[in-house]
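Worksheet: one structure, shown below.
In the working numbering, the protein residues as written are 1 to 465.
The structure is reproduced here in structure tokens:
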């Protein structure tokens, strides 16, 4: 008898505990604002960096953008019976349920509109019809899946994004032609966009560098590098410093329909439609502080004092043309050179998938080198950039670039580049291989015309983000 009473008491206690637990769960699901539908905790993410996921609202640590509620992927439900499929047509006896359903749908619609607004605000500063992730240097394109790092600020519908890089280091090139020094290649850039209605936008960009201070007039040691001058002598085995002002540009874009848009771009300085995105803005070279030795075959026009570009975009295809100043920046890295608009270029870009960006371009560059003013160059380039987001905060970016200079003084010379950057969290492994035809005119140590090869492989750790 005592055993039966004990069993009965345990059963009653277990039943009461279960009832309280169920009641507590029910109350919690109704009162807790952090718990979403079906008891799942609400998570928040960044529209620009979907790998950033937190359990509380705030700002993205990578770009500073306001986090938005993360939507769970909804599973496809089986077809319901007729009585279950008319939530919007409940009988009058269930007005409360219908009203709650209507409120829920209104809230979901409002949330969807907020998300849509946030996504729409992330368009390129050059062309309102393009996503920001496609935007590179000048008017060039990256794959749509490319990562973007920086801080974003919203002023109503206006957007400002700041990003940059600095590489403090010690360099030692241990050959008779080499040198050693402590330096810090660097740059900072701001991109601003102001929409005018739903289909028009004004954009502005400013890019600056303190290279004239950190690198000096001769620049930093870089074996086999050529191009530009210092104290009326051609630079070789050194990379010239960038100007204090690398880009100061304005753009006006118009979206005519879902597929077709156009834009105008003016830079003083700026970058014409010639070549791939410059090395500083390619994700595949993001962590490599050195310029490619084929820089003056591929993307050396990225700082040009006087550029005007017009472009037409249909879906993922772009055709654009530029007139610009052919002369490279002079030795005074703090001033604004005289615009001449004596050169021209054209480029076709195509992004067939979100992970791939292709371009080919041709340009005539009049008298680019001050020490060789009679030499003009016809430049042809082609490139393919492939970006693969592997997982949360893991990205793999690769580039292939070909550039050809046809100079009036020496004929055609070729350059090839393959580079890769694998980033996992704060750690990166990068690789670059180059093959460039260089002549004695560029460097007395070279043969009359020979191949120059270079291989770089390194690891990199980001201390702070």
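Just so it is clear, CB atoms sit at the ideal spot from N, CA and C, and this is done for glycine as well.
Query: Bridge-paired residues (DSSP) for residue 346; Result: 321, 362
Query: Coarse secondary structure for residue 454, derived from DSSP in three states; Result: strand
Query: Among 356, 406, 323, the one whose alpha carbon lies nearest that of residue 344; Result: 323
Query: Euclidean distance between Cα positions of residue 103 and residue 259; Result: Model confidence at residue 103 stands at a pLDDT of 41, short of 50, so the residue's coordinates are unreliable; what they give is reported in the following sentence. Residue 103 and residue 259: Cα-Cα distance of roughly 35 Å.
Query: Closest by C-alpha distance to residue 402, when choosing among 372, 293, 376, 339; Result: 293
Query: Residue of 289, 56, 372 minimising C-alpha distance to residue 234; Result: 372
Query: Secondary structure of residue 189, DSSP reduced to three states; Result: strand
Query: Inter-residue CB distance, residue 328 and residue 437 (contact presumed, cutoff 8 Å); Result: Not confirmed; about 20 Å, so no contact.
Query: Local conformation of residue 231 per DSSP, three classes; Result: coil
Query: Cβ neighbour criterion (16 or more within 10 Å) applied to residue 231; Result: exposed
Query: Euclidean distance between Cα positions of residue 467 and residue 279; Result: An answer regarding residue 467 cannot be provided, because it is not within the stretch 1 to 465 covered by the chain.
Query: Cβ-based burial, residue 265 [other Cβ within 10 Å; buried from 16]; Result: buried
Query: Stretch-stretch touch, CB-based, cutoff 8 Å, three pairs: the region 202-221 with the region 144-153; Result: no
Query: The alpha helix (DSSP H) enclosing residue 139, as first and last residue numbers; Result: Here residue 139 belongs to no alpha helix (DSSP H), and DSSP marks it neither H nor E.
Query: Whole-angstrom distance between residue 254 and residue 112, CA atom to CA atom; Result: Its pLDDT being 41, under 50, residue 112 is placed unreliably by the model, and the measurement read from it follows with that caveat. Straight-line Cα distance between these residues: approximately 25 Å.
Query: Same chain only: Cβ atoms within 6 Å of residue 301, ignoring 5 sequence neighbours per side; Result: 272, 274
Query: Strand pairing of residue 407, partner residues [DSSP]; Result: 377, 411
Query: Through-space distance from residue 139 to residue 157, alpha-carbon basis; Result: 22 Å
Query: Those residues which DSSP pairs with residue 389 across a bridge; Result: 395
Query: Residue 201, enclosing beta strand (DSSP E) - first and last residue; Result: 200-208
Query: Beta-carbon proximity of residue 159 to residue 133, cut-off 8 Å; Result: no
Query: Proximity winner among 455, 183, 71, 136, relative to residue 239 (alpha-carbon distances); Result: 183
Query: Cα-Cα separation between residue 175 and residue 359, rounded to whole angstroms; Result: 37 Å
Query: Integer Cβ distance of residue 461 from residue 421, believed to fall under 8 Å; Result: Contact doesn't hold; Cβ gap of about 14 Å is too wide.
Query: Between the CA atoms of residue 54 and residue 42 - distance to the nearest angstrom; Result: 9 Å
Query: Whole runs of the alpha helix (DSSP H) within the region 256-290, excluding any shorter than 4 residues; Result: none
Query: Short Cβ contact (8 Å threshold) for residue 122 with residue 163; Result: no
Query: Candidates 66, 424, 125, 404: closest to residue 262 by CA position; Result: 125
Query: C-beta atoms of residue 212 and residue 168 nearer than 8 Å; Result: no
Query: Buried versus exposed, by CB contacts within 10 Å (16 or more), residue 246; Result: buried
Query: Separation of residue 40 from residue 349, as counted between CA atoms; Result: 44 Å
Query: Through-space distance from residue 269 to residue 338, alpha-carbon basis; Result: 10 Å
Query: Cα-Cα separation, residue 46 to residue 397; Result: 21 Å
Query: Chain B contact for residue 236 (CB, 8 Å cutoff); Result: No chain B appears in the structure shown, which is made up of a single protein chain.
Query: Three-state secondary structure (DSSP) of residue 65; Result: coil
Query: For residue 463, the nearest candidate out of 296, 287, 49 (CA to CA); Result: 287
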